[in-house]
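Below is one structure, written out as structure tokens, with a few remarks after it.
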Amino acid sequence: MAKIYKNIVILTGAGISAESGLATFRSENGLWNKHRVEDVATIEAYWKNPDYVHDFYNQMRPELFNAKPNAAHLAITKLQEKYNSNINVITQNVDTLHEKAGNKNVWHIHGQINQIVCMNCGHVFETWGDVSSEDSCPHCGISAMLKPNIVFFGENLLYMDKVDELLQTCNLFISVGTSGVVYPAAGFVQVAKFYGADTIEVNLEETSNNYLFGRHIYGKAGKALPDLVNELLEQKEEA
Ligand code: BV8
0 MAKIYKNIVI LTGAGISAES GLATFRSENG LWNKHRVEDV ATIEAYWKNP DYVHDFYNQM
60 RPELFNAKPN AAHLAITKLQ EKYNSNINVI TQNVDTLHEK AGNKNVWHIH GQINQIVCMN
120 CGHVFETWGD VSSEDSCPHC GISAMLKPNI VFFGENLLYM DKVDELLQTC NLFISVGTSG
180 VVYPAAGFVQ VAKFYGADTI EVNLEETSNN YLFGRHIYGK AGKALPDLVN ELLEQKEEA
């Protein structure tokens, strides 16, 4: 009997952007192999050497600005347009490929590369240019307190109230391209399952929390996700 899902949540990680040419974090040539996490992605690293952290993200910004969405991102737009149910994207990615593909309801729980936050007044503004500790906040004017609006290890995630609401009401939870090692995102599947959702993991290979998923689709997201979207749309037709 074909199942129709009223509320769908899609969690994405670096793997969904891999076919757009962006490096993931934990593969052999991943970002974390070239930089120690402790030096660039912790709040302590930022306070110890803000310009070292700014430079890490300044170098990343042009590549992400030029990156193009791939078939996996576009498949989400197709699902949102044709499946006509409540479909939200919770992404750990700081790139804007979901938006470039036309995805709606995108929640960047680890922040965004093109956003800067002032640690003094909390003002968030957008830029694709370089930022340094000399720059001052356009809102409160104070300098040396600007940080990429990216959630470092040891910082709370963004939009967690919305995430809680989505996980408690979703009937289908799909995880795409994440290794499942970073919490609390890696635990979202557990919450969704507890509230009765079906769970599907789409990934290149087995992940750290794959035992939590009801179904696994192994392969590249650029092929596996469009196939899954077509399967869901066909089921909807049959119902
Ligand atoms: C928090 C910012 C509350 C920088 C990131 C001990 C145990 C458990 C948890 C903890 C612990 N000690 C500390 C913690 C909490 C910690 C954590 O989880 N640590 C882990 C590593 C042990 N979490 C936190 O600190 C979080 N905050 O908990 O707040 C708090 C408050 C105060 C004090 C304590 C707690 C903050 C987490 C966010 C950290 N920021 N990045 C940046 O993004 O530049 S994490 C980083 O990892 C990225 O954000 C990234 O999004 C995230 C997850 O990585 P993935 O996206 O999964 O990427 P990865 O490379 O790992 O995997 C890619 C996958 O894709 C692979 O499986 C690959 O096979 C697959 N793939 C590749 N190609 C394809 C593909 N799949 C399909 N198709 C393809 N073509």
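Everything in the sequence shown is counted per numbering that gives the first Met the number 0, starting at 0 for the first residue and increasing by one. For each residue, glycine too, the CB sits at the ideal point set by N, CA and C. Being a predicted model, the structure only gives us computed values, none of them experimental.
| Quick one: Cα of Gln-167 to Cα of Tyr-4, how far? | Here the question's residue 167 lines up with position 168 in the sequence shown. Here the question's residue 4 lines up with position 5 in the sequence shown. In a straight line, the C-alpha of Gln-167 is about 14 Å away from that of Tyr-4.
| message | Which residue marks the beginning of the alpha helix (DSSP H) containing Leu-30, and which one marks its end? | response | Within the sequence shown, the letter at position 31 stands for residue 30. Leu-30 -> alpha helix (DSSP H) spans 30 to 33.
| query | Do we get a CB-CB distance below 8 Å when we pair Leu-156 with the residues of chain B? | reply | This model lacks chain B altogether; it includes just one protein chain.
| Buried versus exposed call for Ala-1 [16 or more other C-beta atoms within 10 Å across all chains shown] | Walking along the sequence shown from the start, residue 1 turns up at place 2. The residue is exposed, with fewer than 16 neighbouring Cβ atoms inside 10 Å.
| CA-CA distance, Ile-9 and Ile-149? | Walking along the sequence shown from the start, residue 9 turns up at place 10. Walking along the sequence shown from the start, residue 149 turns up at place 150. Near 20 Å, if we compare the C-alpha coordinates of Ile-149 and Ile-9.
| said: If contacts are defined as beta-carbon pairs under 8 Å, then Asp-94 and Ser-16 qualify, I think. What distance do you get, rounded to the angstrom? | reply: Against the sequence shown, residue 94 aligns to sequence position 95. Against the sequence shown, residue 16 aligns to sequence position 17. 6 Å between Cβ atoms; contact.
| Going by the CB atoms, is the gap between Ala-13 and His-175 shorter than 8 Å? | Start at 1 with the first residue of the sequence shown, and residue 175 comes out as number 176. Start at 1 with the first residue of the sequence shown, and residue 13 comes out as number 14. Correcting the residue identity first, residue 175 is Val in this sequence and not His. Not in contact: Val-175 and Ala-13 (Cβ atoms no closer than 8 Å).
| query | Between His-107 and the rest of its own chain, which residues show a CB-CB distance below 6 Å, the 5 nearest in sequence each way excluded? | reply | Position 108 of the sequence shown, counted from the start, is the residue given in the question as residue 107. Answer for His-107: Thr-90, listed in chain order.
| message | Between Asn-202 and the ligand BV8, is there a pair consisting of the residue's CB and a ligand heavy atom that are separated by less than 7 Å? | response | For the purposes of this step, residue 202 is taken as residue 203 along the sequence shown, with counting starting at 1. Yes; taking the cut-off as 7 Å, the Cβ of Asn-202 has a heavy atom of the ligand BV8 nearer than that.
| request: State buried or exposed for Pro-68, treating a residue as buried only when at least 16 other CB atoms are found within 10 Å of its CB. | output: Here residue 68 refers to the residue found at position 69 of the sequence shown. Label assigned to Pro-68: buried.
| task | Within 10 angstroms of the Cβ of Gly-121, are there 16 or more other Cβ atoms? Answer buried if so, exposed if not. | result | To locate residue 121, count along the sequence shown from 1; it is residue 122. By the neighbour-count rule (16 or more Cβ atoms within 10 Å), Gly-121 is not buried but exposed.
| Three-way DSSP call (helix, strand, coil) for Glu-200 in this model | Residue numbering aside, residue 200 sits at position 201 when the sequence shown is read from its first letter. Looking at Glu-200 - three-state DSSP - the assignment turns out to be strand.
| task | Can you tell me the Cβ-Cβ gap for Thr-11 and Thr-206, rounded? I've got them flagged as a contact below 8 Å. | result | Walking along the sequence shown from the start, residue 11 turns up at place 12. Walking along the sequence shown from the start, residue 206 turns up at place 207. Not really, about 13 Å apart at Cβ, beyond 8 Å.
| request: Go through the segment 87 to 155 residue by residue and report every complete run of the alpha helix (DSSP H) that reaches 4 residues or more, in order. | output: 96 to 99
| query | Name the DSSP beta bridge partners of Leu-224, please? | reply | In the sequence shown, the residue the question calls residue 224 occupies position 225. Beta-bridge pairing links Leu-224 to no other residue.
| field | Local conformation of Arg-214 per DSSP, three classes | value | Locating residue 214 in the sequence shown gives position 215, counting from the first residue. If DSSP states are grouped into helix, strand and coil, Arg-214 belongs with the strands.
| message | Here's a check: name, in chain order, each residue in its chain whose Cβ is nearer than 6 Å to the Cβ of Leu-165, leaving out the five neighbours to either side. | response | Stepping through the sequence shown from its first residue, residue 165 is reached at position 166. Contacts found: Val-8 and Asn-87.
| Proximal residues to Ala-185 (C-beta, below 6 Å), its chain only, five neighbours per side dropped | Stepping through the sequence shown from its first residue, residue 185 is reached at position 186. Once the five neighbours on either side are set aside, the close Cβ partners of Ala-185 are Gly-179 and Asn-208.
| field | Nearest neighbour of His-109, chosen from Tyr-194, Pro-147 and Leu-211 [CA to CA] | value | In the sequence shown, residue 109 corresponds to position 110, counting from 1. Checked all of Tyr-194, Pro-147 and Leu-211; the closest Cα to His-109 is Pro-147.
| task | State buried or exposed for Leu-232, treating a residue as buried only when at least 16 other CB atoms are found within 10 Å of its CB. | result | Taking the sequence shown and counting its residues from 1, the one referred to as residue 232 is at position 233. Leu-232 comes out exposed.
| message | Tell me which residue opens and which closes the beta strand (DSSP E) that Thr-11 is part of. | response | As a position in the sequence shown, residue 11 is number 12, starting the count at 1. Looking at the DSSP string, the run of the beta strand (DSSP E) that includes Thr-11 is 6 to 11.
| message | Please state whether the Cβ-Cβ distance between Ala-222 and Leu-203 is less than 8 Å. | response | Here residue 222 refers to the residue found at position 223 of the sequence shown. Here residue 203 refers to the residue found at position 204 of the sequence shown. In the sequence as displayed, the identity of residue 222 is Lys instead of Ala. Contact: no.
| task | Compute every distance between the C-beta of Thr-23 and the non-hydrogen atoms of the ligand BV8, then say whether any falls below 7 Å. | result | Along the sequence shown, one-based indexing puts residue 23 at 24. Checking the Cβ of Thr-23 against the ligand BV8 gives yes.
| said: Any heavy atom of the ligand BV8 closer than 7 Å to the beta-carbon of Phe-64? | reply: The residue labelled residue 64 in the question sits at position 65 within the sequence shown. No, since every heavy atom of the ligand BV8 falls outside the 7 Å radius drawn around the Cβ of Phe-64.
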